[in-house]
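Here the structure is laid out as structure tokens; the discussion comes afterwards.
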Amino acid sequence: MVSDKDIIKAVREEPERGFRLLMASYREPVYWHIRRLVVSHADAQDAAQETFVRIFRNFSQYNEENSFKAWIFRIATNEALRLLGRQKGSLMLSLDDVTVDMLSRKTDENYEDGDEIAARLQQAILHLPAKQQLAFNMRYYDDMSYDEIAAAIGSSAASVKANYHYAKESIIKYMNNND
Amino acid sequence: MDKQFDFKQVGKRMPYTVPEGFFDEIEKNVMAEIKADKPKKKARTIKIAVRTMIAAAAAIALFLVVTKQQPKDATGSQDDFAYVELAYNNLSTEDQEYLQEIYEEDVFLYNNEESDF
Numbered sequence: 000m001v002s003d004k005d006i007i008k009a010v011r012e013e014p015e016r017g018f019r020l021l022m023a024s025y026r027e028p029v030y031w032h033i034r035r036l037v038v039s040h041a042d043a044q045d046a047a048q049e050t051f052v053r054i055f056r057n058f059s060q061y062n063e064e065n066s067f068k069a070w071i072f073r074i075a076t077n078e079a080l081r082l083l084g085r086q087k088g089s090l091m092l093s094l095d096d097v098t099v100d101m102l103s104r105k106t107d108e109n110y111e112d113g114d115e116i117a118a119r120l121q122q123a124i125l126h127l128p129a130k131q132q133l134a135f136n137m138r139y140y141d142d143m144s145y146d147e148i149a150a151a152i153g154s155s156a157a158s159v160k161a162n163y164h165y166a167k168e169s170i171i172k173y174m175n176n177n178d
Numbered sequence: 000m001d002k003q004f005d006f007k008q009v010g011k012r013m014p015y016t017v018p019e020g021f022f023d024e025i026e027k028n029v030m031a032e033i034k035a036d037k038p039k040k041k042a043r044t045i046k047i048a049v050r051t052m053i054a055a056a057a058a059i060a061l062f063l064v065v066t067k068q069q070p071k072d073a074t075g076s077q078d079d080f081a082y083v084e085l086a087y088n089n090l091s092t093e094d095q096e097y098l099q100e101i102y103e104e105d106v107f108l109y110n111n112e113e114s115d116f
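Chains as they are written, first to last, in numbering that gives the first Met the number 0: chain D, 0 to 178; chain V, 0 to 116.
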């Protein structure tokens, strides 16, 4: 697997080749991160494509002292929020606004038949406040450190950690009550 | 005692599906879009100055429109936001596009709510 350092170097030296490496590493994590937030495949596709275009166009703004993965996830998260905001008819959507919108998006037609418990877990996650969702998703599905998540959502590692643990407890409660 | 939910029962499985070949398609779409594009070079001082002036002009235009349209008794933040939206809608397409560009390029604009996270 190509390291982030190699990807960054490649993008700087040979943008097209470097960007192919970047997409090979991040296309799936970015898509799934967005999909978990926006639920619909079509929306996730739009937001993921826009995320990569933005990464390419703003690559010179990336500061190598910070985590590359966190930077990418920050853009992806913003793109998901931007898409949700547009659908609500506003320029932007704050993290506090997102939960209600996400809940209205949960629909069985997006679920794969037969994996009921995985579907229920997503329902449980969608019931969480947006900040807890983000902390949980990035930690649980993307194995990001608290520091990386904090950098991705503009928070502190301590509050991300607290939100992650609240999220876990809430999910367990939800899953036990909706068995 | 009831059996407690264990995350190991699900692991990282997702209940959602994607069309076959989707990830190749998304890569193809993105590469097609950026091929005609080039990553932005670090802006030179003069370029920054010009952009700052244009941004300031657009912001002043927005401020003037807001001030002109806002009734004197409007004090609520929700009202303020509505006036900003209204003022934005009344800007020229060029100014709207420029503000939108600045807004969209600022990847750190969202989520700065550290205090309550």
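Backbone N, C-alpha and C fix where the C-beta goes; we use that ideal spot for every residue, glycine too.
This structure is a prediction, so every number in the text was calculated from the model and none was measured.
DSSP three-state assignment for residue i, whether helix, strand or coil
i, result
"Y15(V)", "strand"
"E63(D)", "coil"
"L127(D)", "coil"
"N57(D)", "coil"
"F30(V)", "Looking at the sequence provided, one finds Met at residue 30(V) rather than Phe. Reduced to three states, the DSSP call for M30(V) is helix."
"S47(D)", "Just to set this straight, residue 47(D) is Ala in the shown sequence, not Ser. In this structure, A47(D) counts as helix in the three-state DSSP scheme."
"Q132(D)", "helix"
"A23(D)", "helix"
"Y173(D)", "helix"
"A150(D)", "helix"
"L82(D)", "helix"
"T44(V)", "Interpretation of T44(V) is limited by its pLDDT of 49, a score under 50 that renders its predicted location unreliable; no figure is taken from the coordinates."
"M137(D)", "helix"
"K167(D)", "helix"
"K105(D)", "Because the pLDDT of K105(D) is 49, which lies under 50, any placement of that residue in the model is unreliable, and the question is left without a value."
"K87(D)", "coil"
"K7(V)", "helix"
"S120(D)", "Per the sequence shown, residue 120(D) should be read as Leu rather than Ser. Residue state, collapsed to three classes: helix."
"S144(D)", "coil"
"L90(V)", "coil"
"E13(D)", "coil"
"V38(D)", "coil"
"A75(D)", "helix"
"S2(D)", "coil"
"A35(V)", "coil"
Below-9 Å beta-carbon distance, residue i vs any chain D residue
i, result
"L90(V)", "no"
"E19(V)", "no"
"K11(V)", "yes"
"K7(V)", "no"
"I59(V)", "no"
"G75(V)", "Residue placement at G75(V) is poorly supported in this model, since its pLDDT is 47, which falls under 50; the coordinates are not used for a value here."
Under 9 Å between C-beta atoms of residue i and residue j
i, j, result
"L36(D)", "L120(D)", "no"
"E27(D)", "M30(V)", "no"
"N177(D)", "A123(D)", "yes"
"L184(D)", "I171(D)", "What is shown of chain D runs 0 to 178, which leaves residue 184(D) out entirely."
"I33(V)", "F135(D)", "no"
"F67(D)", "V29(D)", "no"
"F4(V)", "M174(D)", "yes"
"W70(D)", "A149(D)", "no"
"R56(D)", "D36(V)", "yes"
"Y145(D)", "K11(V)", "no"
"R81(D)", "A46(D)", "yes"
"D142(D)", "P14(V)", "no"
"S155(D)", "K130(D)", "no"
"K167(D)", "F21(V)", "no"
"A117(D)", "V9(V)", "yes"
Proximity test, Cβ basis, 9 Å: residue i and chain V
i, result
"D42(D)", "no"
"E15(D)", "yes"
"I171(D)", "yes"
"Q132(D)", "no"
"F18(D)", "yes"
"D114(D)", "yes"
"Q86(D)", "no"
"K167(D)", "yes"
"F51(D)", "yes"
"E204(D)", "No answer is possible for residue 204(D): it lies beyond the span of chain D, which begins at 0 and ends at 178."
"F55(D)", "yes"
"A1(D)", "Before going further, note that residue 1(D) is Val rather than Ala in the sequence given. So no, V1(D) is outside the interface."
"D146(D)", "no"
"R138(D)", "no"
"L36(D)", "no"
"E12(D)", "no"
"D5(D)", "no"
"Y30(D)", "yes"
"M22(D)", "yes"
Does the pairing of the segment 74 to 82 of chain D with the segment 40 to 51 of chain D give three or more beta-carbon distances under 8 Å?
yes
How about the segment 4 to 22 of chain D and the segment 23 to 37 of chain V: do they share at least three Cβ pairs that are nearer than 8 Å?
yes
Taking 8 Å as the cut-off, does the segment 2 to 10 of chain D touch the segment 30 to 46 of chain D (at least 3 CB pairs, one atom from each stretch)?
no
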